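Asker: Dropping the structure in here first, questions after.
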Amino acid sequence: MNDISFDSFELIKYLDHQKYDNQRTISNALRISLGKTNRLLTELSTSRYINTNNSLTEKSKLLVERNRPKRAIILAAGSGLRMIPINNNVSKALLNVKGEILIERLIRQLHEINIMEIYIIVGFMKEEFEYLIDKYKVKLIVNNEYFTRNNLYSLFLEKNHIENCFIVPCDLYLKKNHLKMMNFNLGI
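For what it's worth, the numbering used here labels the leading residue of the sequence shown as 582, then goes sequentially.
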């Protein structure tokens, strides 16, 4: 993505899942000025990322695919001190909310967008997460220093898998699967 700007890539992602309507629609959707939208469309056309009818070319489709998230890292090592007494006997990731285990709901939402490579960084009550290996084919990474080190250290443990990934907290409850929009996946 080195040869185009962030805004150009956002426009390509928009066109990846929305048929071109007009510049004003794009301008409003991306929250950029109409002039900037027109300039970006011209630049993308000149550099052959879009064709004359503002559809994506193979060059831009390859760019989108290369940069699409391929994996997820779920941060679940902490003890969730802010949630005491709710989670005295269970990790916050394993809390039941509206009939679903939080982390299982999150894993299913990742699977809905074809994210199957999932790493879960555990620490507090780490043994309680082991069933997820068989049930969802996830990989557990143990942060034995979860009590003295924070999420940055957890991410350091997974530094080799951070590229093209979602990094999400274990206690995230999304009523609708907003990861679909963030994954900019055509047809999802």
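Note that beta-carbon positions come from the ideal geometry of N, C-alpha and C, so glycine has one too. All values reported here derive from a predicted model rather than from experimental measurement.
Where does R652 fall in DSSP's three states?
Answerer: Three-state DSSP puts R652 in a strand.
Asker: Would L611 pass as a contact of L592 if the rule is Cβ separation under 8 Å?
Answerer: In contact: L611 and L592 (Cβ atoms closer than 8 Å).
Asker: Applying the criterion that 16 or more other CB atoms from any shown protein chain within 10 Å of the CB defines a buried residue, is L621 buried or exposed?
Answerer: Classification of L621: buried, given that the 10 Å Cβ count is 16 or more.
Asker: Is the number of C-beta pairs between the segment 718-738 and the segment 633-650 that are closer than 8 Å three or more?
Answerer: With a cut-off of 8 Å, the segment 633-650 and the segment 718-738 do not count as touching, because too few Cβ pairs lie within range.
Asker: Can you list, in chain order, the residues of its chain with a C-beta nearer than 6 Å to that of A658? Leave out the 5 residues immediately preceding and following it.
Answerer: Same-chain partners within the cutoff: I702, V703, G704, N724, Y727, S735.
Asker: Which of helix, strand or coil does DSSP assign to F747?
Answerer: Residue state, collapsed to three classes: strand.
Asker: Measuring alpha carbon to alpha carbon, tell me which of N648, L713, L691, E681 ends up nearest E744.
Answerer: Among N648, L713, L691, E681, the Cα nearest to that of E744 is on N648.
Asker: Which residue or residues does DSSP assign as beta-bridge partners of Y700?
Answerer: Its beta-bridge partners are I654, K720.
Asker: Go ahead and label T618 buried or exposed: buried means 16 or more other beta carbons lie within 10 angstroms of its beta carbon, across all protein chains shown.
Answerer: T618 is buried by the Cβ-count criterion.
Asker: Under DSSP, the alpha helix (DSSP H) around Q791 begins and ends at which residues?
Answerer: Residue 791 falls outside the range modelled here, since the chain spans only 582 to 769, and no answer is possible.
Asker: Can you list, in chain order, the residues of its chain whose CB lies under 6 Å from that of V719, leaving out five sequence neighbours each side?
Answerer: Around V719: I699, I701, L713.
Asker: Return helix, strand or coil for V671, following the three-state DSSP convention.
Answerer: Reduced to three states, the DSSP call for V671 is coil.
Asker: So, at 8 Å on beta carbons, what are the nonlocal neighbours of V574 in its own chain, with the 5 sequence-adjacent residues on each side left out?
Answerer: This structure does not reach residue 574, given that the chain is present from 582 up to 769, and the question cannot be answered.
Asker: Is the beta carbon of Y754 sitting closer than 8 Å to the one on V678?
Answerer: Yes.
Asker: Could you tell me the boundaries of the alpha helix (DSSP H) in which G593 lies?
Answerer: In the sequence under discussion, the amino acid at residue 593 is Ile, which differs from the Gly named in the question. Unbroken alpha helix (DSSP H) run through I593: 587-598.
Asker: Could you check if K716 is buried or exposed, using at least 16 other CB atoms within 10 Å of its CB as the buried criterion?
Answerer: K716 should be labelled exposed.
Asker: Would F590 be called buried (16 or more neighbouring beta carbons within 10 Å of its own) or exposed?
Answerer: Buried, since its Cβ has 16 or more Cβ neighbours within 10 Å.
Asker: Just the Cα atoms here: how many angstroms apart are C751 and K707?
Answerer: Looking at the two C-alpha atoms, the distance is approximately 13 Å.
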